[in-house]
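Residue numbers for the sequence shown follow our numbering, beginning at 23 and rising by one. Cβ coordinates follow ideal geometry from the N, Cα and C atoms, glycine included. One structure is given here, and the rest of the page talks about it.
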Amino acid sequence: SESLNAFGKFTKNASFARHADFYFLLTGRRLGRRNKVTKKLIQNIRGLAFAGRVCSKGLNVGMAWQQPLLYSTFDVIAHEIGHLLGSKHDGEGPISYIKDHPGAKTCNEPQTYIMGAKPTAPFEFSECSKQQMEFILSDAGLETVKTLLT
23 SESLNAFGKF TKNASFARHA DFYFLLTGRR LGRRNKVTKK LIQNIRGLAF AGRVCSKGLN
83 VGMAWQQPLL YSTFDVIAHE IGHLLGSKHD GEGPISYIKD HPGAKTCNEP QTYIMGAKPT
143 APFEFSECSK QQMEFILSDA GLETVKTLLT
C-alpha cells in the first residue's frame with residue numbers, strides 16, 4: 023500500500039520520531055489496495071503491516087482503520103502486530119524473503135485464532151503463530167531480517 027510505504031519512509035526519516043521496534047498508525051479513513059493485475063480497488067482491508075519486519079527501520083510499520091465506537095480495532099491491531107512479528111495467516115506458507123521461515127502451512131488448528139480466518143474470543147495466537155514469532159525474535163531470525171536491509 024502506498025500509505026504503508028509512506029508511513030515507513032516517514033518513521034525512517036523523521037528526526038523527531040523516537041526509535042521503536044515498530045510503529046503503528048490508526049486512521050479514521052478506510053484502507054484499500056489496488057489489485058496489480060485487474061487494477062480493481064479492494065476496499066475491505068482493515069489493517070496492513072510488513073510481515074516479519076519488526077526492528078527493520080522504515081519497514082517496521084503497520085496501520086489499521088479505526089472504526090469509531092467499535093472495539094473491533096483491537097483484534098486488527100493484534101493481527102497486524104502478529105504480521106510484523108513474523109506470523110503469516112494460519113494455514114499459509116513461509117515468508118518468502120526470510121530464509122528458513124517456518125510458515126503456518128501445516129497448522130491444523132481452528133481458524134479462530136488471531137491469525138486465523140475468523141478470529142473469535144478468547145483472542146490468542148495459535149501455536150503456529152507463536153513458533154513463527156519466536157523464529158523472528160530469535161537471533162537467527164533477526165539476523166536474517168537485518169541482512170535483508172544491507
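Nearest residue (CA-CA) to residue i, options the options
{"i": "His-101", "options": "Asn-130, Leu-81, Arg-68 and Thr-128", "result": "Arg-68"}
{"i": "Ala-143", "options": "Glu-149, Tyr-135 and Tyr-93", "result": "Tyr-135"}
{"i": "Phe-120", "options": "Asn-35, Ala-73, Lys-61 and Phe-38", "result": "Looking at the sequence itself, residue 120 is Ile, so the reference to Phe does not match. Among Asn-35, Ala-73, Lys-61 and Phe-38, the Cα nearest to that of Ile-120 belongs to Ala-73."}
{"i": "Ile-64", "options": "Glu-24, Thr-128 and Leu-53", "result": "Leu-53"}
{"i": "Glu-149", "options": "Ser-78, His-111, Ala-36 and Lys-140", "result": "His-111"}
{"i": "Ser-151", "options": "Ala-36, Gly-104, Phe-29 and Lys-140", "result": "Gly-104"}
{"i": "Ser-25", "options": "Arg-56, Phe-38, Arg-40 and His-41", "result": "Arg-56"}
{"i": "Gln-88", "options": "Ser-78, His-41, Arg-51 and Lys-61", "result": "Arg-51"}
Contacts around residue i, its chain only, beta-carbon distance under 8 Å, and the 5 residues preceding and following it disregarded
{"i": "Lys-31", "result": "Gly-80"}
Residue i versus residue j: straight-line alpha-carbon distance, rounded
{"i": "Pro-132", "j": "Gly-138", "result": "7 Å"}
{"i": "Glu-156", "j": "Leu-70", "result": "21 Å"}
{"i": "Ile-99", "j": "Glu-146", "result": "13 Å"}
{"i": "His-41", "j": "Lys-61", "result": "36 Å"}
{"i": "Asp-122", "j": "Gln-154", "result": "10 Å"}
{"i": "Asn-130", "j": "Lys-58", "result": "31 Å"}
{"i": "Asn-35", "j": "Lys-140", "result": "37 Å"}
{"i": "Ser-118", "j": "Gly-125", "result": "9 Å"}
In DSSP terms, what residue i is bridged to
{"i": "Ile-99", "result": "Answer is none; Ile-99 lacks a bridge partner."}
{"i": "Thr-142", "result": "Paired residue(s): none; Thr-142 is not in a bridge."}
{"i": "Gly-69", "result": "Ala-86"}
Neighbourhood of residue i by C-beta distance below 7 Å, restricted to the same chain and skipping five residues each side
{"i": "Thr-172", "result": "Note that Thr-172 scores a pLDDT of 45, beneath 50, so its modelled location is shaky and nothing firm can be said."}
{"i": "Tyr-93", "result": "none"}
{"i": "Ala-86", "result": "Leu-48, Arg-68, Gly-69, Thr-95, Val-98, Ile-99 and Glu-102"}
Residue i beta carbon near the ligand FAD (any heavy atom closer than 7 Å)
{"i": "Asn-66", "result": "In the structure on display, the ligand FAD does not appear, and there are no ligands present to speak of."}
Residues of its chain near residue i, where Cβ-Cβ distance is below 6 Å and the 5 sequence neighbours each way are ignored
{"i": "Tyr-45", "result": "Thr-33 and Val-83"}
{"i": "Leu-159", "result": "none"}
{"i": "Val-76", "result": "Asp-43, Phe-44, Asn-82, Leu-106 and Leu-107"}
{"i": "Lys-127", "result": "Gly-115"}
{"i": "Pro-90", "result": "none"}
Worksheet entry | Complete alpha helix (DSSP H) runs within the segment 23 to 72 (minimum length 4 residues, chain order) | The qualifying runs are 24 to 35.
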